[in-house]
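Q: In the working numbering, the protein residues as written are 52 to 326.
Glycine is no exception: its CB is placed at the ideal position from the N, C-alpha and C atoms.
Note that the structure is a prediction, hence the values are computed from the model and not measured.
Mind having a look at this structure? Questions to follow.
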Amino acid sequence: MKTALFRAVSGAALLAALAGCYDVPVTGRRSLSLVDGAQVSRMSVQAFEDMKKAHPQSKDPERIAQLQRVGERIAKVVFWDMPNADWEFVVFDEPNEINAFAMSGGKVGVYTGLFKVVKNDDQLAAVISHEIAHVTAKHIDERLSKEMMSETAGNIGGMAMAGTMGVLATESIMNAYGIGADARSMAFGRQQELEADHIGLIYMAKAGYDPGEALKVMDNLVEATAGEPEPPEFESTHPSNPDRMRALNAEMPEALKVRAAAAAGQSINGPQVIK
Ligand SMILES: [Zn+2]
Numbered sequence: 052m053k054t055a056l057f058r059a060v061s062g063a064a065l066l067a068a069l070a071g072c073y074d075v076p077v078t079g080r081r082s083l084s085l086v087d088g089a090q091v092s093r094m095s096v097q098a099f100e101d102m103k104k105a106h107p108q109s110k111d112p113e114r115i116a117q118l119q120r121v122g123e124r125i126a127k128v129v130f131w132d133m134p135n136a137d138w139e140f141v142v143f144d145e146p147n148e149i150n151a152f153a154m155s156g157g158k159v160g161v162y163t164g165l166f167k168v169v170k171n172d173d174q175l176a177a178v179i180s181h182e183i184a185h186v187t188a189k190h191i192d193e194r195l196s197k198e199m200m201s202e203t204a205g206n207i208g209g210m211a212m213a214g215t216m217g218v219l220a221t222e223s224i225m226n227a228y229g230i231g232a233d234a235r236s237m238a239f240g241r242q243q244e245l246e247a248d249h250i251g252l253i254y255m256a257k258a259g260y261d262p263g264e265a266l267k268v269m270d271n272l273v274e275a276t277a278g279e280p281e282p283p284e285f286e287s288t289h290p291s292n293p294d295r296m297r298a299l300n301a302e303m304p305e306a307l308k309v310r311a312a313a314a315a316g317q318s319i320n321g322p323q324v325i326k
């Protein structure tokens, strides 16, 4: 018993030492992370390497060039929120997957199926910006932190004794991103989706894309996936599509202002503090 208690205390102390507050870009929401962001990045990069081995990559030069073009433009305006990112944009040859994801460390994957609903650069920018917003808002860190808190103190202590943050297994990372075996059980929360929509809308506007296309891509998606039980990540069931549309519409004036400022050459490379 004494050992278990000691472990629990050690674990709690380690968590407290690593815990850090951060401000979410654009929305300014304060959040708490219990995980080591640098480690999340390292493991994400490894998970992305594994993905590249497990899934065939597209050989379509047009799609590859389009993702590269749009991705680099978004990466530029995201710089201050992800200064250490080593950006990589990969088109995976999965024609039945209407999906995309972004990972800590600057790794972005798009499945060829996404191009069924993405009709132009602006719409691709909307999807990529949304995915990158999950990363800059540290939704993965929040998710992993919650997972850790739900472990018993004894378990956390044990892991702390065993090494540094053993809880961050590759599997946890993959699941947190929604691309692991339990992907569907780990959907982003309602608040996180709305937040990623908001931040993403500002990112695409800052990069000079038309924020109105974020609404169109959602329309396209509803059409393409009508009757399908499993919506892709950026179209998760919570919150409902009309809720997200309403929120995006409410944020549109702010996004248009940001786009105009970007077009005028103002504040495009500054930190992402809009309000
Ligand atoms: Zn999302």
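If you measure from the beta carbon of S92 to each beta carbon in chain B, is any gap under 8 angstroms?
A: No chain B appears in this structure, which consists of one protein chain only.
Q: In whole angstroms, give me the CA-to-CA distance for Y260 and G71.
A: Here residue 260 is taken as the residue at index 209 of the sequence shown, counted from 1. Here residue 71 is taken as the residue at index 20 of the sequence shown, counted from 1. About 34 angstroms.
Q: When the Cα atoms are used, what is the spatial distance from K197 to Y254?
A: Counting from 1 along the sequence shown, the entry for residue 197 is found at position 146. Counting from 1 along the sequence shown, the entry for residue 254 is found at position 203. Rounded to the nearest angstrom, the two C-alpha atoms are 27 angstroms apart.
Q: Do you know offhand how far H190's Cα is from G240's?
A: For the purposes of this step, residue 190 is taken as residue 139 along the sequence shown, with counting starting at 1. For the purposes of this step, residue 240 is taken as residue 189 along the sequence shown, with counting starting at 1. Roughly 9 angstroms separates the two Cα atoms.
Q: Got a sec? Which residues, its chain only, sit under 7 angstroms from V324 by beta carbon, not counting five neighbours each side?
A: The residue labelled residue 324 in the question sits at position 273 within the sequence shown. With a pLDDT of 42 at V324, under the threshold of 50, the modelled position of this residue cannot be trusted; read the value that follows with caution. There are no such residues.
Q: Does the distance between the C-beta of E148 and the nearest non-hydrogen atom of ligand 1 fall short of 7 angstroms?
A: What you label residue 148 is simply residue 97 of the sequence shown in a count that begins at 1. False, no ligand heavy atom lies under 7 angstroms from that Cβ.
Q: Give the DSSP-derived three-state secondary structure of L118 in the structure shown.
A: As a first step, residue 118 is located in the sequence shown; it is residue number 67 there, counting from the start. Reduced to three states, the DSSP call for L118 is helix.
Q: Give the single residue among D248, P112, R194 whose Cα lies nearest to the Cα of P76.
A: Taking the sequence shown and counting its residues from 1, one reaches residue 76 at position 25. It is D248 whose Cα lies nearest to the Cα of P76.
Q: Using the Cβ count rule (16 or more neighbours within 10 Å means buried), how would you classify L83?
A: As a first step, residue 83 is located in the sequence shown; it is residue number 32 there, counting from the start. Under this definition L83 is an exposed residue.
Q: Please say whether K127 and E139 have beta carbons closer to each other than 8 angstroms?
A: On the sequence shown, residue 139 is found 88 positions in, with the first residue counted as 1. On the sequence shown, residue 127 is found 76 positions in, with the first residue counted as 1. Their beta carbons are not under 8 angstroms apart, which means E139 does not touch K127 by this criterion.
Q: What first and last residue would you give for the beta strand (DSSP E) that runs through M154?
A: Taking the sequence shown and counting its residues from 1, the one referred to as residue 154 is at position 103. Residues 151-154.
Q: Assign L83 to one of three DSSP states: helix, strand, or coil.
A: What you label residue 83 is simply residue 32 of the sequence shown in a count that begins at 1. Here L83 sits in strand by DSSP.
Q: Check each candidate in T187, L245, S92, A306 and name the one with the smallest Cα separation from L73.
A: Counting from 1 along the sequence shown, the entry for residue 73 is found at position 22. Note that residue 73 is Tyr in the sequence shown, not Leu. Comparing Cα-Cα distances from Y73 to each of T187, L245, S92, A306, the minimum goes to T187.
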